[in-house]
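Below: one structure, written as C-alpha coordinates.
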Amino acid sequence: MKQASLKTFSYALLLGGAVLLTGCQTQSNNVLTFTPPAPTAQFNTANQRVVVNVVSQDQRNTATIASYTERGSMKHLTSSPEVSQLFQQVIQQGLNSKGFRIASGVNSNSNIVVRITDFNAQVTEGNLKYKIDSKVNIVVEVQGSKGTFSKSFGATNSQEGVFGVNNEGIQKIINKSFQDVVTKFYNDNEISNALLSLSQ
203 MKQASLKTFS YALLLGGAVL LTGCQTQSNN VLTFTPPAPT AQFNTANQRV VVNVVSQDQR
263 NTATIASYTE RGSMKHLTSS PEVSQLFQQV IQQGLNSKGF RIASGVNSNS NIVVRITDFN
323 AQVTEGNLKY KIDSKVNIVV EVQGSKGTFS KSFGATNSQE GVFGVNNEGI QKIINKSFQD
383 VVTKFYNDNE ISNALLSLSQ
(Lines of atoms letter the chains of each structure in order from A and count residues from 1; the text may use other names and numbers.)
(Lines give C-alpha, C1' and ligand atoms only; values in the text may rest on other atoms or scores of the structure.)
Protein backbone atom coordinates (compact mmCIF):
# COMPACT_ATOMS: atom_id res chain seq x y z
CA MET A 1 0.00 0.00 0.00
CA LYS A 2 2.82 2.38 0.95
CA GLN A 3 4.77 1.44 -2.20
CA ALA A 4 1.77 2.19 -4.41
CA SER A 5 1.27 5.56 -2.69
CA LEU A 6 4.98 6.35 -3.05
CA LYS A 7 4.89 5.49 -6.77
CA THR A 8 1.80 7.63 -7.29
CA PHE A 9 3.48 10.52 -5.45
CA SER A 10 6.66 10.10 -7.53
CA TYR A 11 4.70 10.13 -10.78
CA ALA A 12 2.84 13.23 -9.63
CA LEU A 13 6.15 14.97 -8.89
CA LEU A 14 7.57 14.00 -12.29
CA LEU A 15 4.43 15.19 -14.06
CA GLY A 16 4.45 18.47 -12.13
CA GLY A 17 8.12 19.01 -12.98
CA ALA A 18 7.45 18.35 -16.66
CA VAL A 19 4.60 20.87 -16.67
CA LEU A 20 6.82 23.49 -15.00
CA LEU A 21 9.63 22.89 -17.50
CA THR A 22 7.21 23.16 -20.40
CA GLY A 23 5.91 26.45 -18.99
CA CYS A 24 9.45 27.83 -18.73
CA GLN A 25 10.28 26.75 -22.28
CA THR A 26 7.10 28.30 -23.64
CA GLN A 27 7.81 31.57 -21.85
CA SER A 28 11.43 31.81 -23.05
CA ASN A 29 10.29 30.91 -26.57
CA ASN A 30 8.34 34.18 -26.62
CA VAL A 31 11.37 36.31 -25.67
CA LEU A 32 13.90 37.63 -28.20
CA THR A 33 17.36 38.58 -26.92
CA PHE A 34 19.23 41.66 -28.13
CA THR A 35 22.84 42.65 -27.47
CA PRO A 36 24.23 46.08 -28.43
CA PRO A 37 27.53 46.19 -30.33
CA ALA A 38 30.61 47.55 -28.57
CA PRO A 39 31.35 51.24 -29.26
CA THR A 40 34.48 52.09 -31.25
CA ALA A 41 34.81 55.80 -30.39
CA GLN A 42 38.11 57.41 -29.43
CA PHE A 43 38.34 58.26 -25.71
CA ASN A 44 38.56 62.04 -25.20
CA THR A 45 39.88 63.21 -21.81
CA ALA A 46 38.36 66.68 -22.39
CA ASN A 47 34.93 65.09 -21.94
CA GLN A 48 35.78 63.96 -18.39
CA ARG A 49 34.52 67.26 -16.95
CA VAL A 50 30.95 66.33 -17.97
CA VAL A 51 29.17 63.97 -15.56
CA VAL A 52 25.98 62.58 -17.09
CA ASN A 53 22.87 61.15 -15.50
CA VAL A 54 21.13 58.86 -18.05
CA VAL A 55 17.40 58.15 -17.85
CA SER A 56 15.71 55.75 -20.27
CA GLN A 57 11.95 55.95 -20.89
CA ASP A 58 9.99 53.36 -22.87
CA GLN A 59 7.14 55.35 -24.42
CA ARG A 60 5.71 52.54 -26.55
CA ASN A 61 2.07 51.55 -26.00
CA THR A 62 2.94 47.90 -25.33
CA ALA A 63 5.88 45.72 -24.29
CA THR A 64 5.14 43.40 -27.24
CA ILE A 65 7.68 43.83 -30.04
CA ALA A 66 5.96 41.55 -32.59
CA SER A 67 2.97 39.25 -32.99
CA TYR A 68 2.30 36.47 -35.49
CA THR A 69 0.22 33.33 -35.95
CA GLU A 70 1.78 29.97 -35.10
CA ARG A 71 -0.23 26.75 -35.44
CA GLY A 72 -3.48 28.66 -35.42
CA SER A 73 -2.81 30.76 -32.30
CA MET A 74 -1.42 34.27 -31.89
CA LYS A 75 2.12 34.49 -30.53
CA HIS A 76 3.32 37.70 -28.83
CA LEU A 77 7.06 38.38 -28.51
CA THR A 78 8.90 40.57 -26.00
CA SER A 79 12.51 41.73 -25.61
CA SER A 80 15.28 40.69 -23.23
CA PRO A 81 16.61 42.78 -21.66
CA GLU A 82 13.63 45.13 -21.47
CA VAL A 83 13.82 47.84 -24.12
CA SER A 84 14.42 50.64 -21.58
CA GLN A 85 17.33 48.70 -20.03
CA LEU A 86 18.73 47.92 -23.47
CA PHE A 87 18.95 51.59 -24.47
CA GLN A 88 20.18 52.64 -21.01
CA GLN A 89 23.14 50.33 -21.68
CA VAL A 90 23.62 51.67 -25.22
CA ILE A 91 23.67 55.33 -24.17
CA GLN A 92 25.91 54.78 -21.14
CA GLN A 93 28.53 52.68 -22.92
CA GLY A 94 28.49 55.05 -25.90
CA LEU A 95 29.14 58.06 -23.66
CA ASN A 96 31.74 56.20 -21.59
CA SER A 97 33.68 55.27 -24.70
CA LYS A 98 33.95 58.98 -25.60
CA GLY A 99 35.23 59.95 -22.15
CA PHE A 100 32.06 61.20 -20.46
CA ARG A 101 31.54 60.12 -16.86
CA ILE A 102 28.28 58.49 -15.76
CA ALA A 103 26.68 59.25 -12.39
CA SER A 104 23.20 59.53 -10.95
CA GLY A 105 21.13 62.40 -9.57
CA VAL A 106 22.93 65.16 -7.68
CA ASN A 107 26.37 63.79 -8.62
CA SER A 108 25.88 64.81 -12.26
CA ASN A 109 26.09 68.19 -14.02
CA SER A 110 23.94 67.19 -17.01
CA ASN A 111 21.17 64.77 -17.95
CA ILE A 112 20.36 62.66 -20.95
CA VAL A 113 16.80 61.40 -21.36
CA VAL A 114 16.38 58.74 -24.03
CA ARG A 115 12.79 58.17 -25.11
CA ILE A 116 12.05 54.95 -27.00
CA THR A 117 9.09 55.53 -29.31
CA ASP A 118 9.44 52.48 -31.57
CA PHE A 119 11.03 49.05 -31.16
CA ASN A 120 8.94 46.52 -33.03
CA ALA A 121 8.14 44.57 -36.16
CA GLN A 122 4.87 44.52 -38.08
CA VAL A 123 4.27 41.01 -39.43
CA THR A 124 1.99 40.59 -42.45
CA GLU A 125 1.06 36.97 -43.19
CA GLY A 126 -0.54 35.63 -46.38
CA ASN A 127 -1.32 32.09 -47.55
CA LEU A 128 2.26 31.41 -48.62
CA LYS A 129 4.21 34.64 -48.23
CA TYR A 130 4.97 36.87 -45.28
CA LYS A 131 6.56 40.28 -44.79
CA ILE A 132 8.30 41.71 -41.72
CA ASP A 133 8.72 45.49 -41.34
CA SER A 134 10.85 46.57 -38.38
CA LYS A 135 11.09 50.06 -36.92
CA VAL A 136 13.34 51.35 -34.14
CA ASN A 137 13.27 55.00 -33.13
CA ILE A 138 14.63 56.91 -30.13
CA VAL A 139 14.81 60.58 -29.15
CA VAL A 140 17.89 61.60 -27.14
CA GLU A 141 17.53 64.83 -25.15
CA VAL A 142 20.48 66.57 -23.51
CA GLN A 143 19.56 68.70 -20.48
CA GLY A 144 22.14 71.09 -19.06
CA SER A 145 22.21 74.28 -17.00
CA LYS A 146 22.48 76.30 -20.23
CA GLY A 147 19.60 74.70 -22.13
CA THR A 148 18.47 71.56 -23.94
CA PHE A 149 19.15 69.78 -27.23
CA SER A 150 17.24 66.88 -28.83
CA LYS A 151 18.03 64.53 -31.68
CA SER A 152 16.20 61.52 -33.13
CA PHE A 153 17.84 58.30 -34.27
CA GLY A 154 15.77 55.88 -36.31
CA ALA A 155 15.92 52.97 -38.73
CA THR A 156 13.52 50.73 -40.65
CA ASN A 157 14.12 47.42 -42.42
CA SER A 158 11.97 44.90 -44.31
CA GLN A 159 12.17 41.24 -45.17
CA GLU A 160 9.92 38.98 -47.22
CA GLY A 161 9.76 35.19 -47.23
CA VAL A 162 7.63 32.12 -47.90
CA PHE A 163 6.19 29.22 -45.88
CA GLY A 164 5.72 30.91 -42.54
CA VAL A 165 7.40 33.40 -40.27
CA ASN A 166 9.37 32.43 -37.14
CA ASN A 167 11.17 33.97 -34.15
CA GLU A 168 14.57 33.90 -35.85
CA GLY A 169 13.34 35.87 -38.85
CA ILE A 170 11.67 38.48 -36.66
CA GLN A 171 14.69 38.76 -34.36
CA LYS A 172 17.00 39.22 -37.34
CA ILE A 173 15.04 42.08 -38.90
CA ILE A 174 14.40 43.94 -35.61
CA ASN A 175 18.05 43.49 -34.67
CA LYS A 176 19.12 45.01 -38.01
CA SER A 177 17.16 48.19 -37.23
CA PHE A 178 18.42 48.17 -33.62
CA GLN A 179 22.06 47.84 -34.72
CA ASP A 180 21.57 50.63 -37.28
CA VAL A 181 20.23 53.00 -34.60
CA VAL A 182 23.00 52.12 -32.14
CA THR A 183 25.68 52.67 -34.81
CA LYS A 184 24.16 56.07 -35.68
CA PHE A 185 24.25 57.08 -32.01
CA TYR A 186 27.83 55.85 -31.52
CA ASN A 187 29.00 57.78 -34.60
CA ASP A 188 27.12 60.98 -33.73
CA ASN A 189 29.00 64.06 -32.52
CA GLU A 190 26.09 66.45 -31.95
CA ILE A 191 25.09 64.86 -28.63
CA SER A 192 28.69 65.10 -27.40
CA ASN A 193 28.94 68.74 -28.48
CA ALA A 194 25.65 69.55 -26.75
CA LEU A 195 26.83 67.94 -23.51
CA LEU A 196 30.01 70.03 -23.58
CA SER A 197 28.29 73.32 -24.43
CA LEU A 198 25.20 72.98 -22.21
CA SER A 199 26.73 71.56 -19.01
CA GLN A 200 28.44 73.68 -16.37
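In case it helps, our numbering puts the sequence shown at residues 203 to 402. Backbone N, C-alpha and C define an ideal beta-carbon position, used for all residues, glycine too.
Review point. Among residues of its own chain, excluding the 5 on either side of residue 386, which ones have a beta-carbon nearer than 6 Å to its beta-carbon?
Key: For the purposes of this step, residue 386 is taken as residue 184 along the sequence shown, with counting starting at 1. Same-chain partners within the cutoff: 355.
Exercise for review: Identify, in the order they occur along the chain, each residue of the same chain with its Cβ nearer than 7 Å to the Cβ of residue 393, setting aside the five sequence neighbours on each side.
Suggested key: Taking the sequence shown and counting its residues from 1, the one referred to as residue 393 is at position 191. For residue 393, where only same-chain residues beyond five positions count, the Cβ hits under 7 Å are 342, 344 and 353.
Practice item. With a cut-off of 8 Å on the beta carbons, I'd call residue 364 and residue 333 a contact; round off their distance for me. Key: As a working mapping, residue 364 is identified with position 162 in the sequence shown. As a working mapping, residue 333 is identified with position 131 in the sequence shown. In fact, because the Cβ distance is near 11 Å, the residues do not count as touching under 8 Å.
Check your understanding: Three-state secondary structure (DSSP) at residue 384?
Key -> Start at 1 with the first residue of the sequence shown, and residue 384 comes out as number 182. In the structure shown, residue 384 sits in a helix (DSSP, three-state: H, G or I).
Review point. Does the pairing of the stretch 303-322 with the stretch 253-269 give three or more beta-carbon distances under 8 Å?
Key: yes
**Study point:** Contact the stretch 302-312 vs the stretch 275-291: 3+ CB pairs below 8 Å
**Key:** no
Exercise for review: Starting from residue 297, follow the alpha helix (DSSP H) in both directions and report where the run begins and ends.
Suggested key: The residue given as residue 297 occupies position 95 in the sequence shown. Element bounds for residue 297: 285-299.
Check your understanding: Where does residue 213 sit, in a helix, a strand or coil, going by DSSP?
Key -> Against the sequence shown, residue 213 aligns to sequence position 11. Any reading at residue 213 must be qualified, since the residue scores a pLDDT of 48, below 50, and its modelled position is unreliable; the value itself is stated next. Here residue 213 sits in helix by DSSP.
Review point. Between residue 238 and residue 339, what straight-line distance do the alpha-carbon atoms span, to the nearest angstrom?
Key: Counting from one through the sequence shown, the residue named residue 238 turns up at place 36. Counting from one through the sequence shown, the residue named residue 339 turns up at place 137. Residue 238 and residue 339 have their C-alpha atoms some 15 Å from each other.
Point to revise | Residues of its chain near residue 337, where Cβ-Cβ distance is below 7 Å and the 5 sequence neighbours each way are ignored | key: Locating residue 337 in the sequence shown gives position 135, where the first residue counts as 1. Counting only Cβ-Cβ distances below 7 Å, and skipping sequence neighbours, we find 320, 322, 358 and 379.
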